[in-house]
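2 protein chains.
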Amino acid sequence: MSLTDRKCKIIVDAMGGDFVPINPTLGAINAVKENNSIEVFLIGDSEKINNILVENNLEFNSSNIISATEVIDMHDSPTDALKKKKDSSIVKGAQLVKELKADAFVSAGNTGAMMAASTLLIGRIPGFGRPTIGAQFPTETKKVCTVYDVGASVDSKPIHLLEYAIMGTIYAKVIDGIKNPTVGLLSVGEEESKGNSVTFETLDLLKNSKLNFVGNVEGRDILKGNVDIIVCDGFTGNIILKFGESFINFLKTRIRSYADEGILNKIKALITKNVFKDSLKDMDYQSHGGVPLLGVNGISIIGHGSSSPLAMKNMVLKANDMFQKDLIKKLKEGREYYGNL
Amino acid sequence: MSLTDRKCKIIVDAMGGDFVPINPTLGAINAVKENNSIEVFLIGDSEKINNILVENNLEFNSSNIISATEVIDMHDSPTDALKKKKDSSIVKGAQLVKELKADAFVSAGNTGAMMAASTLLIGRIPGFGRPTIGAQFPTETKKVCTVYDVGASVDSKPIHLLEYAIMGTIYAKVIDGIKNPTVGLLSVGEEESKGNSVTFETLDLLKNSKLNFVGNVEGRDILKGNVDIIVCDGFTGNIILKFGESFINFLKTRIRSYADEGILNKIKALITKNVFKDSLKDMDYQSHGGVPLLGVNGISIIGHGSSSPLAMKNMVLKANDMFQKDLIKKLKEGREYYGNL
Chain V
0 MSLTDRKCKI IVDAMGGDFV PINPTLGAIN AVKENNSIEV FLIGDSEKIN NILVENNLEF
60 NSSNIISATE VIDMHDSPTD ALKKKKDSSI VKGAQLVKEL KADAFVSAGN TGAMMAASTL
120 LIGRIPGFGR PTIGAQFPTE TKKVCTVYDV GASVDSKPIH LLEYAIMGTI YAKVIDGIKN
180 PTVGLLSVGE EESKGNSVTF ETLDLLKNSK LNFVGNVEGR DILKGNVDII VCDGFTGNII
240 LKFGESFINF LKTRIRSYAD EGILNKIKAL ITKNVFKDSL KDMDYQSHGG VPLLGVNGIS
300 IIGHGSSSPL AMKNMVLKAN DMFQKDLIKK LKEGREYYGN L
Chain Z
0 MSLTDRKCKI IVDAMGGDFV PINPTLGAIN AVKENNSIEV FLIGDSEKIN NILVENNLEF
60 NSSNIISATE VIDMHDSPTD ALKKKKDSSI VKGAQLVKEL KADAFVSAGN TGAMMAASTL
120 LIGRIPGFGR PTIGAQFPTE TKKVCTVYDV GASVDSKPIH LLEYAIMGTI YAKVIDGIKN
180 PTVGLLSVGE EESKGNSVTF ETLDLLKNSK LNFVGNVEGR DILKGNVDII VCDGFTGNII
240 LKFGESFINF LKTRIRSYAD EGILNKIKAL ITKNVFKDSL KDMDYQSHGG VPLLGVNGIS
300 IIGHGSSSPL AMKNMVLKAN DMFQKDLIKK LKEGREYYGN L
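In order, the protein sequence lines correspond to chains V and Z. So the first sequence is residues 0 to 340, counted in numbering that gives the first Met the number 0. So the second sequence is residues 0 to 340, counted in numbering that gives the first Met the number 0.
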């Protein structure tokens, strides 16, 4: 199935995330075990990486460890860090993709820094003004709904929303194998007369594109499963993402209080937890791994700080999938095709 | 406790909602039974109202039935309807408040038409450029968090967000009895550097106001219970409201599928439903009734189309509460006090 004869070279940020370097290291090693068309490189504090390998009795080719002496942590300002921490795993990792020495970079580190490094160092694909991050929401129908943008930019213009829709469509076709993905525009009503100045202008762009555009959708459509891709500005998308993520916590807290009111409640709460776990298992982001930063001229995947070895492994496998399916090239071609440039 | 010696005259739209005129009629009658400082008027098709009264053996002073021969339905365009259906319950109801012949108007009819009629006929309170609707979200702490605006306008400017915060604060103090309500500004990060052009400018306005402003909050803070009032533009707020409302449906659908997989699952799903009902009982909007349209120079309460008699009753009681506590006057005074005009 591979489009290329050589292995996909993926750099894994060994310093990015809450449990380092153990989780990225385990994730990288397990990904290679699962798919031998991948070659991984661990970037970070080589001493720490070596110690972890020894302590856990892990086999790893030491020439695939790339030393980076600095770490961009969660408190660093992304743009400052880019300038000041030139020898950090994030800056060096992105740089290696830029120089075509690697095919992909995967990190669960500082999200802002990953976005800045990817955008500024690797650069953008011509025709895509803003990179975007999509969030996959579970739906009633068990089909996934991906919302773009959820925070790569906060002041998206109509042309950017069109670009998100194009990137989302190509990603859904190429990576998720959806034949003719439907695209909705997030607004405050289904009628074309409902919306704000950004949605009105975007509506025209989407209607005049070759995308499978279904019109305006509302907040309630995200979880319904009637549309594959929903586009909105990154401000709204980010708020929706965080609000949605918090819902599970809210429910857990409520059920915990319920459980505190006696032994019968405790038992019922335990059963509820069990039902939840079973019926919402596709909501576990660890199994999805991270999210790709689309629109960047190379493969860059950003993971959650708390990424488990499983999440890290899945991020590496996703990067490989994007490489094998030649996603970047298809994004370049698709911009012209869908957007009527 | 009443500030006035006379009864509060409340007009109830007998034609507004999915179950009419029965639900508004029952709601109106029950409200008066519960609080005799209220006098209700039913507005709508007097024949239909009379029939319902007879069929259900209900006592109601026939001189308190106001005839309106037209109905604005859910498919009518609000602005068109206002011009064309002058003898509709919504237009006439708002007009009577405008003419000070009634103290409040309550309707579960076409939301857009209610907003337009209230804003254009009753008029705005000087100093409040846009009326606003707040949505109360349940929280982890069982304290309520009210988000303004959830759809009265879609292109709120920073000054409007300040005004929402002022109205929300006064409402929380006067009606909900919260001493010093905290106000958060919805954004994409807690840091002042995070946000878009609207939030940056609003941040300055809020910081320079006399409100109990706690800074930027994120999507995840809505359900946390750490802030009483959150302000955002009506576009974002409306999407959040509809997204949030859909979450319960999403869960129900998932649990239904789970229940379909065998008898044991069915039992566990039933228990889960029970736990839900108990731990989320404050999420039942029927018990809240409708939401007031704040910023309008009179009391106007808008209900959900599916409002039950209980919801209608609570809307009438809320209108009375707003009247007795002289909310409109306090909003007028507060605009100057909080906003540093």
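Glycine included, each C-beta is placed from N, C-alpha and C at the ideal position. This one's a predicted model, so the numbers in the text were calculated from it and none came from an experiment.
Q) Are the Cβ atoms of S208(Z) and D17(Z) separated by less than 9 Å? A) Position 209 of the second sequence, counted from the start, is the residue given in the question as residue 208(Z). Position 18 of the second sequence, counted from the start, is the residue given in the question as residue 17(Z). Result no, Cβ atoms of S208(Z) and D17(Z) do not sit closer than 9 Å.
Q. Should V153(V) be flagged as near chain Z, meaning a C-beta pair shorter than 9 Å?
A. Counting from one through the first sequence, the residue named residue 153(V) turns up at place 154. Interface residue, yes.
Q.
Bridge partners for Q135(V) per DSSP, in chain order?
A. Working through the first sequence from its first residue, we reach residue 135(V) at position 136. The partner list for Q135(V) (beta bridge, DSSP) reads T145(V).
Q) Among the residues of its own chain, which have a CB less than 8 Å from the CB of E191(V), if the five just before and after it don't count? A) For the purposes of this step, residue 191(V) is identified with residue 192 of the first sequence, where counting begins at 1. Same-chain partners within the cutoff: L202, G214 and N215.
Q.
Just checking: is the beta-carbon of N347(V) within a distance shorter than 9 Å of some beta-carbon in chain Z?
A. There is no way to answer for residue 347(V), as the model of chain V reaches only from 0 to 340.
Q) Leaving out the 5 sequence neighbours to the left and right, which residues in its chain are closer than 6 Å to L52(Z) when beta-carbon positions are compared? A) Walking along the second sequence from the start, residue 52(Z) turns up at place 53. Answer for L52(Z): F59, listed in chain order.
**Q.** Residue-chain proximity (A67(Z), chain V), Cβ-Cβ < 9 Å
**A.** In the second sequence, counting from the first residue as 1, residue 67(Z) sits at position 68. So no, A67(Z) is outside the interface.
Q. In chain V, which residues lie with their C-beta within 8 Å of the C-beta of Y336(Z)?
A. As a first step, residue 336(Z) must be located in the second sequence, where it is residue number 337. The contacting residues do not exist; Y336(Z) stays about 30 Å from chain V at best.
Q | Nearest-angstrom Cβ-Cβ length linking L75(V) and A112(V), presumed shorter than 8 Å | A | As a working note, residue 75(V) is residue 76 in the first sequence. As a working note, residue 112(V) is residue 113 in the first sequence. At residue 75(V) the sequence reads Asp, which differs from the Leu that was named. Indeed, because the Cβ distance is near 6 Å, the residues count as touching under 8 Å.
Q. What is the C-beta distance between G108(Z) and I89(Z), in whole angstroms, given that I count them as a contact (C-beta under 8 Å)?
A. The sequence position of residue 108(Z) within the second sequence is 109, counting from 1. The sequence position of residue 89(Z) within the second sequence is 90, counting from 1. The pair is a contact, with the Cβ atoms about 6 Å apart (cut-off 8 Å).
Q. Anyone know if the C-beta pair for I270(Z) and V19(V) falls short of 9 Å?
A. Locating residue 270(Z) in the second sequence gives position 271, where the first residue counts as 1. Locating residue 19(V) in the first sequence gives position 20, where the first residue counts as 1. Cβ atoms of I270(Z) and V19(V): not closer than 9 Å.
Q. So, is the C-beta of S76(Z) closer than 9 Å to a C-beta in chain V?
A. Within the second sequence, residue 76(Z) is the residue found at index 77, counting from 1. Yes, S76(Z) lies at the interface with chain V (some Cβ there is under 9 Å from its Cβ).
Q: Tell me, to the nearest whole angstrom, how far the beta carbon of G183(Z) is from that of V226(Z); I am working on the premise that it is less than 8 Å.
A: Looking up residue 183(Z) in the second sequence gives position 184. Looking up residue 226(Z) in the second sequence gives position 227. Confirmed, Cβ separation roughly 4 Å.
Q) What is the C-beta distance between I300(Z) and K324(Z), in whole angstroms, given that I count them as a contact (C-beta under 8 Å)? A) To locate residue 300(Z), count along the second sequence from 1; it is residue 301. To locate residue 324(Z), count along the second sequence from 1; it is residue 325. Rounded, the Cβ-Cβ distance is 14 Å, inconsistent with contact.
Q: For F322(Z), I'd like the list of residues in its chain whose CB is within less than 7 Å of its CB, leaving aside the five on either flank, ordered along the chain.
A: Taking the first residue of the second sequence as 1, we reach residue 322(Z) at position 323. Within the same chain, F322(Z) has close Cβ partners C7, D102, A103 and I298.
Q | Identity of the residue in K276(Z), L205(Z) and L240(Z) nearest I254(V) by Cα | A | Within the first sequence, residue 254(V) is the residue found at index 255, counting from 1. When only C-alpha atoms are compared, the closest one is K276(Z).
Q. Any beta-carbon of chain Z closer than 9 Å to the one on I158(V)?
A. Here residue 158(V) refers to the residue found at position 159 of the first sequence. Taking Cβ atoms only, chain Z never reaches closer than 9 Å to I158(V), which makes this a no.
Q) Could you give the distance in angstroms between the alpha-carbon of S196(Z) and the alpha-carbon of F212(Z)? A) Position 197 of the second sequence holds residue 196(Z). Position 213 of the second sequence holds residue 212(Z). Roughly 19 Å between the two C-alpha positions.
Q. Taking the runs of the beta strand (DSSP E) that are 3 residues or longer, which of them lie wholly in the stretch 86-132 of chain Z?
A. 103-106
Q) So what does DSSP say about F242(Z), is it helix, strand or coil? A) Against the second sequence, residue 242(Z) aligns to sequence position 243. F242(Z): helix per DSSP, three-state reduction.
(Q) Could you tell me the alpha carbon to alpha carbon distance between K251(V) and K97(V), rounded to whole angstroms? (A) Sequence index remark: in the first sequence, residue 251(V) carries index 252 (1-based). Sequence index remark: in the first sequence, residue 97(V) carries index 98 (1-based). The alpha-carbon atoms of K251(V) and K97(V) are separated by roughly 43 Å.
Q.
Going residue by residue through the stretch 191-271 of chain V, where are the continuous alpha helix (DSSP H) segments of at least 4 residues, counting only ones entirely within it?
A. 196-206 and 233-258
Q: Would you identify the three-state DSSP class for T78(V), choosing helix, strand or coil?
A: Here the question's residue 78(V) lines up with position 79 in the first sequence. Here T78(V) sits in helix by DSSP.
Q: Go ahead and label I228(Z) buried or exposed: buried means 16 or more other beta carbons lie within 10 angstroms of its beta carbon, across all protein chains shown.
A: Against the second sequence, residue 228(Z) aligns to sequence position 229. I228(Z) should be labelled buried.
**Q.** Three-state secondary structure (DSSP) of G168(V)
**A.** Taking the first sequence and counting its residues from 1, one reaches residue 168(V) at position 169. Note on identity: in this sequence residue 168(V) is Thr, with Gly being the wrong assignment. Helix, per DSSP.
Q | For V230(V), the nearest candidate out of N35(V), P23(V) and C144(V) (CA to CA) | A | To locate residue 230(V), count along the first sequence from 1; it is residue 231. Taking only the C-alpha atoms, the option nearest V230(V) is C144(V).
Q. Can you find a CB in chain V that lies within less than 9 Å of the CB of F234(Z)?
A. For the purposes of this step, residue 234(Z) is taken as the residue at position 235 of the second sequence. With 9 Å as the cut-off, F234(Z) counts as an interface residue toward chain V.
Q: Count the other C-beta atoms from every protein chain shown that fall within 10 angstroms of the C-beta of K170(V), then say buried if there are 16 or more, exposed otherwise.
A: As a first step, residue 170(V) must be located in the first sequence, where it is residue number 171. The question names Lys, but residue 170(V) is Tyr in the sequence shown. Its Cβ being crowded by 16 or more others within 10 Å, Y170(V) is buried.
Q: Check whether the stretch 132-141 of chain V touches the stretch 327-335 of chain V, counting contact only when three or more Cβ pairs, one atom from each stretch, lie closer than 8 Å.
A: no
Q. Under three-state DSSP, which class holds F345(V)?
A. One cannot answer for residue 345(V) here, as it falls past the ends of chain V, which runs 0 to 340.
**Q.** Coil, strand or helix - T181(Z) by DSSP
**A.** Residue mapping note: residue 181(Z) aligns to position 182 of the second sequence, counting from 1. Strand at T181(Z).
Q.
Is the separation between the beta-carbon of V146(V) and that of I239(V) shorter than 9 Å?
A. Locating residue 146(V) in the first sequence gives position 147, where the first residue counts as 1. Locating residue 239(V) in the first sequence gives position 240, where the first residue counts as 1. Yes, Cβ-Cβ distance for V146(V) and I239(V) is below 9 Å.
Q) Thinking just about the alpha-carbon of each residue, which of G194(V), G243(V), P308(V) and E200(V) is nearest to the one in E217(Z)? A) One-based indexing of the second sequence puts residue 217(Z) at position 218. It is G243(V) whose Cα lies nearest to the Cα of E217(Z).
Q | Whole-Å CB distance - L41(Z) paired with A13(Z), under 8 Å assumed | A | To locate residue 41(Z), count along the second sequence from 1; it is residue 42. To locate residue 13(Z), count along the second sequence from 1; it is residue 14. Their Cβ separation, rounded to whole angstroms, is 4 Å, which keeps L41(Z) and A13(Z) in contact under 8 Å.
Q: Determine the burial state of S87(Z): buried for a count of at least 16 other Cβ atoms within 10 Å of its Cβ, exposed for fewer.
A: Taking the second sequence and counting its residues from 1, one reaches residue 87(Z) at position 88. With 16 or more Cβ atoms within 10 Å of its Cβ, S87(Z) is classed as buried.
Q | Interface residues of the stretch 125-147 of chain V facing chain Z [CB-CB below 7 Å] | A | E139
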